[in-house]
Amino acid sequence: MTTSLLRYGAALALACATAVATPPAVHAQQLECDGQAVTIDLNDPGHEDPDRPESDVILGTPGEDDIRAGGGEDVICAGDDRDDVAGEAGHDRIFGMAGADDLVGGRGDDLLDGSIASDELRPGPGDDVVDGGDRADLVAFDTATARVTVDLAIARPQDTGQGMDTIEDVKVVLGSPFDDVLRGNTAENQLHGGRGADLLDGRGGDDGLTGNEGDDAIWGGTGDDGLLGLMGNDRLYGGDGTDDCRGGQGRDRRTACE
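Just so we're aligned: the sequence shown equals residues -28 to -1, 1 to 230 in mature numbering (1 follows the signal peptide of the UniProt record, and there is no 0).
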């Protein structure tokens, strides 16, 4: 869970900003991201290109930013608007801040932190930490190159098929184009399969479960769930509660549904 990550004087009060004292001869504010001094401020017209091999601490603007980290181990605080931020080869730490952002991990072991808005978080092939923050963030594996297994009830590192990833405070999961296993927890989850033959298990809470393409097996669990098969020959198991089970274009089977 993200607390005060960004200090930018009064101009970024939304991020709990405070000015850091500097010697009187300097007459400047120290900008920080995740407690580290900013080396590239995108608000500065003469800033360096973030896509460079050095390890940088990068601060976004109040507008919509497209930030590509370079080859170093970078720390990035996006701005207040909808930003696209992507890591590269290093072990990067990426914070979404106030806007509804798209945060993408690179080849390293990255941190993707949704902060205070509803973001789309896409882990890369490394051992990543995905923290949804305060809103209903989406963790997406739609660009994965193999099947994924995601269990939202596990707070420790788990083998997702992309790496040993840690997934915290996430309620929405989008699977890969392959045969995935997506499991919820006791919260109200939304699980979306991809083009493969997926297994979706909502567990507790009032969940929304969508199979999409492929011959999917969808389990509502406890709670009042909505199960939607769409394409493929799907098996829909409502479970306990008042469940709405809808098939789609294939030959679907419904069990324990209203």
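Beta carbons are placed, not taken as given, at the ideal position from N, Cα and C, and that holds for glycine.
Since this is a predicted model, take the numbers as computed values, not measurements.
| Does the distance from the CB of alanine 58 to the CB of alanine 41 come in under 8 Å? | Going by C-beta atoms, alanine 58 is nearer than 8 Å to alanine 41.
| query | Of all the beta strand (DSSP E) runs that stay within the bounds of the stretch 124 to 211, which reach a length of 3 or more residues? | reply | The qualifying runs are 136 to 140, 144 to 146, 153 to 155, 162 to 164, 171 to 173, 180 to 182, 189 to 191, 198 to 202, 207 to 209.
| query | Quick one: is glutamate 230 buried, meaning 16 or more other Cβ sit within 10 Å of its Cβ, or exposed? | reply | Result: exposed.
| task | Counting only the same chain and skipping the five closest in sequence on each side, list residues whose C-beta sits under 7 Å from that of aspartate 16. | result | In the same chain as aspartate 16, and ignoring 5 residues on each side of it, no C-beta atom comes closer than 7 Å to its own.
| query | phenylalanine 113 to arginine 175, Cα distance in whole Å? | reply | Rounded to whole angstroms, phenylalanine 113 to arginine 175 spans 21 Å at the Cα level.
| Proximity winner among Asp170, Asp81, Leu110, Cys5, relative to residue 233 (alpha-carbon distances) | Residue numbering for the chain in the displayed model covers -28 to 230; residue 233 lies beyond these limits and cannot be assessed.
| task | Determine the DSSP secondary structure at cysteine 229, reduced to helix, strand or coil. | result | DSSP places cysteine 229 in coil when its eight states are reduced to three.
| request: Take aspartate 137 and list the residues in its own chain whose beta-carbon comes closer than 6 Å to its own, dropping the five residues that flank it on each side. | output: So the qualifying residues of the chain are Pro95, Asp100.
| request: Using three-state DSSP, classify leucine 110 as helix, strand or coil. | output: Reduced to three states, the DSSP call for leucine 110 is strand.
| query | From what residue to what residue does the beta strand (DSSP E) around aspartate 38 run? | reply | First-last of the beta strand (DSSP E) with aspartate 38: 38 to 40.
| request: Leaving out five residues on either side along the sequence, give the residues of the same chain with a beta carbon under 7 Å from the beta carbon of alanine 159. | output: Excluding residues within five positions, the ones whose Cβ falls inside 7 Å are Lys143, Gly177.
| Is isoleucine 12 near aspartate 28, with beta carbons less than 8 Å apart? | In this structure, the beta-carbon distance from isoleucine 12 to aspartate 28 falls below 8 Å.
| message | Taking the beta carbon of proline 25 as the centre, do at least 16 other beta carbons fall within 10 Å, making it buried, or is it exposed? | response | Classification of proline 25: exposed, given that the 10 Å Cβ count is below 16.
| said: With a threshold of 8 Å on Cβ separation, who are the neighbours of isoleucine 39 within its own chain once the five nearest residues in sequence on each side are excluded? | reply: Leu14, Pro22, Ile30, Gly32, Ile48, Ala50, Asp55, Asp56, Val57, Ala58.
| task | In angstroms with no decimal places, state the Cα-to-Cα distance between aspartate 85 and asparagine 157. | result | In this structure, the straight-line span from the alpha carbon of aspartate 85 to that of asparagine 157 is close to 20 Å.
| message | Using a 10 Å radius around the Cβ and a threshold of 16 neighbouring Cβ atoms, would you call residue 317 buried or exposed? | response | Since the first residue of the chain shown is -28 and the last is 230, residue 317 is not available in this structure.
| message | Assuming glutamate 92 is part of the beta strand (DSSP E), what are its boundary residues? | response | Looking at the DSSP string, the run of the beta strand (DSSP E) that includes glutamate 92 is 92 to 94.
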